[in-house]
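These notes are about the structure you will find just below.
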Amino acid sequence: MVCQPLEVPEWKWEHITMNFITKLPRTAKRHDTMWVIVDRLTKSAHFLPIREMYMPERLSELLVKEIVTRHGVPISIVSDQDTRFTSRFWKQFHETMGTRLNISTASADASLPIEELLQHRKDNNGRFAKKNYC
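Going by the working numbering, the letters in the sequence shown line up with residues 335 to 468, in that order.
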């Protein structure tokens with residue numbers, strides 16, 4: 335459980351947060367959920383379309399394929415109390431990877447980096463538009 339302030343990341347993709355955006359309209363590939371994985375240092379993110387019913391085993395495969403192969407194994411991961419992240423399999427996966435899993439005590443804690451990311455993107459878009467079109 336996250337009961338104290340999180341450590342400040344020293345390098346990109348060493349400390350990440352994960353959360354789901356659920357109940358989205360179904361795509362042609364039947365994806366209905368977005369798995370948002372955010373680097374806590376740079377606020378860059380991966381938005382992975384998934385199906386809400388994906389089991390922890392499938393999520394771990396995606397994490398390795400989409401994040402670990404591109405950025406390396408993270409030191410810590412913060413997520414909410416979603417049962418996919420609190421399962422015995424997921425805990426064993428983190429032990430094997432050597433990753434520390436921090437479960438946030440409130441869903442707002444896990445969504446904060448997403449809100450920060452969206453605000454950061456909005457600010458960057460505004461600066462770009464002002465610089466290039468005004």
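Note that beta-carbon positions come from the ideal geometry of N, C-alpha and C, so glycine has one too.
For P383, three-class secondary structure by DSSP: Position 49 of the sequence shown, counted from the first residue, corresponds to residue 383. Three-state result, P383: strand.
L435 - containing beta strand (DSSP E), residue span: Taking the sequence shown and counting its residues from 1, the one referred to as residue 435 is at position 101. From DSSP, the beta strand (DSSP E) with L435 extends over 434-437.
Whole-number beta carbon distance between P383 and H365, since they are thought to touch under 8 Å: On the sequence shown, residue 365 is found 31 positions in, with the first residue counted as 1. On the sequence shown, residue 383 is found 49 positions in, with the first residue counted as 1. That pair is a contact at about 4 Å.
With 16 other Cβ atoms within 10 Å as the buried cut-off, status of T351: Position 17 of the sequence shown, counted from the first residue, corresponds to residue 351. Buried, because 16 or more other Cβ atoms sit within 10 Å of the Cβ of T351.
Neighbour-count burial assignment, L358, 16 or more Cβ in a 10 Å radius: Residue numbering aside, residue 358 sits at position 24 when the sequence shown is read from its first letter. So L358 ends up on the exposed side.
Close beta carbons around I401, own chain, < 8 Å, minus the five adjacent residues each side: Against the sequence shown, residue 401 aligns to sequence position 67. Within the same chain, I401 has close Cβ partners W347, I350, I371, H380, P408.
Where L342 sits in the DSSP three-state scheme: Taking the first residue of the sequence shown as 1, we reach residue 342 at position 8. Note that residue 342 is Val in the sequence shown here, rather than Leu. Residue state, collapsed to three classes: coil.
DSSP beta-bridge partners of W369: To locate residue 369, count along the sequence shown from 1; it is residue 35. DSSP lists F354, L382 as partners of W369.
Endpoints, the beta strand (DSSP E) within which S394 is located: For the purposes of this step, residue 394 is identified with residue 60 of the sequence shown, where counting begins at 1. Taken as a continuous stretch (DSSP letters only), S394 belongs to no beta strand (DSSP E), being part of the alpha helix (DSSP H) at 390-397.
Buried versus exposed, by CB contacts within 10 Å (16 or more), E344: Residue mapping note: residue 344 aligns to position 10 of the sequence shown, counting from 1. When all chains shown are included, E344 counts as exposed.
Cutoff 6 Å; reference R422; Cβ partners in own chain excluding five residues on either side: Position 88 of the sequence shown, counted from the start, is the residue given in the question as residue 422. Contacts found: none.
Range of the contiguous beta strand (DSSP E) that encloses V412: For the purposes of this step, residue 412 is identified with residue 78 of the sequence shown, where counting begins at 1. That run of the beta strand (DSSP E) goes 410-413.
Inter-residue Cα distance where the pair is M389 and S413: Working through the sequence shown from its first residue, we reach residue 389 at position 55. Working through the sequence shown from its first residue, we reach residue 413 at position 79. So the alpha carbons of these two residues sit roughly 16 Å apart.
Neighbourhood of D373 by C-beta distance below 6 Å, restricted to the same chain and skipping five residues each side: Numbered from its first residue, the sequence shown carries residue 373 at position 39. Contacts found: K346, W347, I350.
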